[in-house]
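Participant: Quick note: the sequence shown, position 380, residue 368 per this note's numbering, numbers continuous.
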Amino acid sequence: MLKKIIDRPVTATVISLILVILGFLALEKLPMETFPEIAPPSVVVTARYPGASAEAVARSVATPLEQVINGVENMIYMTSSSSNDGTLTITVYFKLGTNPDQAAINVQNRVSQATNQLPQEVVKTGINTSKQNNSMIMIIDLESTNPNYDSAFLNNYDLINIVPGIQRIQGVGKAQVFGSKDYAMRVWLNPGKLASYQMTAQEVMKAIDHQNIEAAPGKFGEGSATAFEYTIKYKGKLNKEPDYEDIVIRANPDGSVLRLKDVAKIELGSLDHVYASAQTLDGHPGIGVAIFQTPGSNANDIQIEILKFMEEAKKSFPKGISYRTTYSTKRFLDASINQVEHTLVEAFILVFIVVFIFLQDFRSTLIPAISVPVAIIGTFFFMGVFGITINLLTLFALVLAIGVVVDDAIVVVEAVHHKLEHHSTDAKKATISAMGEITGAILSITLVMSAVFLPIGLIEGPVGVFYRQFAFTLAIAIVISAVNALTLSPALCAVLLKNKHAELYEDKHKKGLQRFYELFNTGFHAATKRYTNAVLFLIKRKWLALGGLVLVTILTVVLARNTPQAFIPTEDQSFVMTALSMPPGTSLERTKTVTTQASKKLSKFEGVYFNAMVNGSNLLANTVSPSYAASYTILKQPEVELLHLLGHKF
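#1: What are the partner residues of valine 645, as DSSP defines its beta bridges?
#2: At the level of alpha carbons, what is the spacing between leucine 532 and proline 24?
#3: For the putative contact between phenylalanine 616 and isoleucine 127, defined by C-beta atoms under 8 Å, what is the C-beta separation to the nearest angstrom?
#4: DSSP three-state label for aspartate 242, please.
#5: How about the region 279 to 297 and the region 99 to 110: do they share at least three Cβ pairs that are nearer than 8 Å?
#6: In terms of residue numbering, what span does the beta strand (DSSP E) encompassing asparagine 599 cover?
#7: Provide the residue(s) that pair with tyrosine 145 in DSSP beta bridges, ordered along the chain.
#8: Using the C-alpha atoms, what's the distance from lysine 17 back to valine 160?
#9: Here's the rule I'm using: 16 or more other beta-carbon atoms within 10 Å means buried, otherwise exposed. How should phenylalanine 139 be labelled?
#10: Any chance the region 381 to 397 sits against the region 449 to 468, with 3 or more Cβ pairs inside 8 Å?
#11: Have a look at the DSSP bridge pairing and note the partners of alanine 482.
#12: Around the Cβ of isoleucine 292, are there at least 16 other Cβ atoms within 10 angstroms (buried) or fewer (exposed)?
#13: For glycine 114, which of helix, strand or coil comes out of DSSP?
#14: Distance check for tyrosine 218 and phenylalanine 208, CA to CA, integer angstroms please.
#15: Looking only at C-alpha atoms, which of Leu147, Ser48 and Ile64 sits nearest to asparagine 104?
#16: Looking at C-beta atoms only, is the number of pairs between the region 356 to 373 and the region 433 to 449 that lie closer than 8 Å three or more?
#17: List the endpoints of the continuous beta strand (DSSP E) containing methionine 539.
#18: Should the region 75 to 82 be regarded as contacting the region 24 to 39, the criterion being three or more beta carbon pairs within less than 8 Å?
#19: Can you give me the C-alpha to C-alpha distance between threonine 541 and glutamate 448, rounded to a whole angstrom?
#20: Using a 10 Å radius around the Cβ and a threshold of 16 neighbouring Cβ atoms, would you call methionine 66 buried or exposed?
#21: According to DSSP, simplified to helix, strand and coil, what is lysine 223?
#22: Taking the CB atoms as reference points, tell me whether threonine 419 and proline 478 lie closer together than 8 Å.
#23: Report yes if the CB atom of leucine 226 is closer than 8 Å to the CB atom of tyrosine 171, and no otherwise.
#24: Would the beta-carbon of alanine 600 fall within 8 Å of that of threonine 317?
#25: According to DSSP, is methionine 187 helix, strand or coil?
#26: At the level of alpha carbons, what is the spacing between alanine 35 and lysine 307?
#27: Would you list the one or two residues that DSSP bridges to arginine 351?
#28: In whole angstroms, what separates the C-alpha of phenylalanine 305 from that of isoleucine 157?
#29: CA-CA distance, serine 352 and valine 399?
#30: For glutamine 120, which three-state DSSP category applies?
#31: What separation, rounded to the nearest whole angstrom, lies between the Cα atoms of leucine 147 and serine 41?
#32: Decide if glutamate 21 is buried, meaning its Cβ has at least 16 other Cβ atoms within 10 Å, or exposed.
#33: So valine 602 and phenylalanine 166 are in contact, right, with Cβ under 8 Å, and what is the actual spacing, rounded?
#34: Please state the DSSP three-state secondary structure of tyrosine 37.
#35: Indicate the three-state DSSP secondary structure (helix, strand or coil) for glycine 257 in the structure shown.
#36: Thinking leucine 485 and alanine 415 are a contact (beta carbons under 8 Å), I'd like their distance in whole angstroms, please.
Structure follows, in structure tokens:
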């Protein structure tokens, strides 16, 4: 088989070209992310009980839902959080590898079984079940410098004009607006006036429900002998303050009527009054949108498309409204991947130089120089087959793979060189003879290396995900390298190499590089001789070698115990999130006062580029309360600027 490939180098070339083409095609479609997704799939159930305390929500809403959800298929555990604004959040976590869509369906089926046990107000406002997206890749803020546009306007503008467009972009899993500022007509009842008219809040609510309806009035003349039919138009639910003010609450016997404006104040506001949305560094109203990617999508491509969409949407922004990209993983991901790409190129160049210096023949150097890119690029195709993404771990594996995969090509070239040096024969015969001797060795090395890395990829759990991506990437590159060593490398040896040890090449002019080769070989032989003498010295004094081994072992154990341990390396992304917790019962206005002061102080720190505040919400714990707030701060430069924030009091 190998003889046929050597005799027909086109076959080996075609095999390698197919690998390269498939690798380039896969490279365009492979998902790109900083690290593999390791968080277990989760489903979030949210419900609202307007006006209820945290205890009431836990007792009447959380308990029935938890009882029916508990034990859903593949569930690991669940957590719940009730807040004083009547909001309940239940997060259900599932085993790693569970289909999140199917998990959401299973949870929704369980939730539907508990609806008859819940208060009608909860059922009426709706219970939302959705899969949780853990991979936030971007935060976009809308900012208003126009006093006519408050945060409620920005929220609704976002929901109507921005969020739908972002969600249509391929790879976007969720676009979440910080805070809930949906427009709603707020009715502020006056208890004193209600008491004077001997009226209850339920009576007012009943009147609003009866007079603010969506109806289908039908047609005039439908089914009759008339020549025409007229559709009755009805404007639908009320949407203006004067319309609500004119709602009749009670008709008195004397013919007078009591309207809603007589007992209440009507204003157009936000549905959830507890929230205050994110505020920008300049203190202007703002609203933030967090964007999450779907599993298997390319984070960089998604963000590029989002920025294109925002630039297009910017053209139709009302005067005084602008946007800024507050947080983006693209900058960090680009910087990280660029560094790894530079390392790949540098490693390849270093390998090329080292091979050229030791083989001392440009033709011989071309063979591993061609084989290495084929193995590296071909790896991308099989990464897609096994569901491996492009991330820092897999790119690091490819950097290591360069030093591993080049060995097979060098072994082939060295074996052929040995045959040419000791036998007066041509390159093709020397290649056939050499491959007959080293084929078994190449296969053995490949199997041994695969046996080292593949079992590591079988580890389960979050750590196993990291090991799997790293180990499989390296194993794939090693196997492709072996294929190249048995196909492409011998074919290139037979075509490119010449027997420089034959009589035709005996008299050579030793100029230029040849003089360098002589100096290098002389120095290398001297170093080899000194190394040989050192080995002989240790062989005669085995106790010294054994003592050195013991010393190295002790140092290894000591250093391993004292080396800091972490799940993944800590890297500065120029992004700081802060959670603020006020005493229980603190009003929203008091919280806003404190966050405004904190924002002003943060803006004065050296290195702070931008700071935004979200009042009424703890983004880190996913809880809601007027006494909570959160901020996200963007730094101008990583690494150094974070030090200016540490240790300061607000």
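Note that beta-carbon positions come from the ideal geometry of N, C-alpha and C, so glycine has one too. Source: prediction; values computed, not measured.
Facilitator: The short version:
#1: The structure shown does not extend to residue 645, since the chain is modelled only from -11 through 638, so no value can be given for it.
#2: Between leucine 532 and proline 24, the C-alpha separation is close to 46 Å.
#3: Per the sequence presented here, residue 616 reads as tyrosine, with phenylalanine not at that position. About 18 Å; that fails the 8 Å criterion.
#4: When secondary structure is reduced to three states using DSSP, aspartate 242 falls in the coil class, being assigned neither helix nor strand.
#5: In this structure the region 279 to 297 does not touch the region 99 to 110; the number of beta carbon pairs closer than 8 Å is below three.
#6: Where asparagine 599 is concerned, the enclosing beta strand (DSSP E) starts and stops at 596 to 606.
#7: The partner list for tyrosine 145 (beta bridge, DSSP) is empty, contrary to what the question assumes.
#8: For valine 160 and lysine 17, the distance between alpha carbons rounds to 16 Å.
#9: Position check: residue 139 holds serine in this sequence, whereas phenylalanine was assumed. By the beta-carbon neighbour count (other beta carbons within 10 angstroms, threshold 16), serine 139 is buried.
#10: Judged by Cβ distances under 8 Å, the region 381 to 397 makes contact with the region 449 to 468, as three or more pairs qualify.
#11: Answer by DSSP bridge pairing: none, since alanine 482 is not bridged.
#12: Isoleucine 292 comes out exposed.
#13: Glycine 114: coil per DSSP, three-state reduction.
#14: Distance between the alpha carbons of phenylalanine 208 and tyrosine 218: 5 Å.
#15: For the residues Leu147, Ser48 and Ile64, the minimum Cα distance to asparagine 104 belongs to Ser48.
#16: Taking 8 Å as the limit for Cβ pairs, the verdict is that the region 433 to 449 does not touch the region 356 to 373.
#17: The displayed chain sequence assigns leucine, not methionine, to residue 539. Run containing leucine 539: none in the beta strand (DSSP E); it sits in the alpha helix (DSSP H), 530 to 550.
#18: A contact exists between the region 75 to 82 and the region 24 to 39.
#19: If you take the alpha carbons of threonine 541 and glutamate 448, they lie about 30 Å apart.
#20: Counting Cβ neighbours within 10 Å, methionine 66 comes out buried, since at least 16 surround it.
#21: Note: lysine 223 maps to coil in three-state DSSP.
#22: The criterion of a C-beta distance shorter than 8 Å is satisfied by threonine 419 and proline 478.
#23: Going by C-beta atoms, leucine 226 is not nearer than 8 Å to tyrosine 171.
#24: No, the Cβ-Cβ distance between alanine 600 and threonine 317 is not below 8 Å.
#25: The three-state secondary structure of methionine 187, taken from DSSP, is coil.
#26: Cα to Cα, the separation comes out at about 37 Å.
#27: Answer by DSSP bridge pairing: none, since arginine 351 is not bridged.
#28: Each residue's Cα considered, the two are about 20 Å apart.
#29: One C-alpha to the other measures close to 11 Å.
#30: Glutamine 120: coil per DSSP, three-state reduction.
#31: Each residue's Cα considered, the two are about 29 Å apart.
#32: So glutamate 21 counts as buried.
#33: Contact between valine 602 and phenylalanine 166 holds, with the beta-carbon distance rounding to 5 Å and staying under 8 Å.
#34: DSSP places tyrosine 37 in coil when its eight states are reduced to three.
#35: Strand.
#36: Confirmed, Cβ separation roughly 4 Å.
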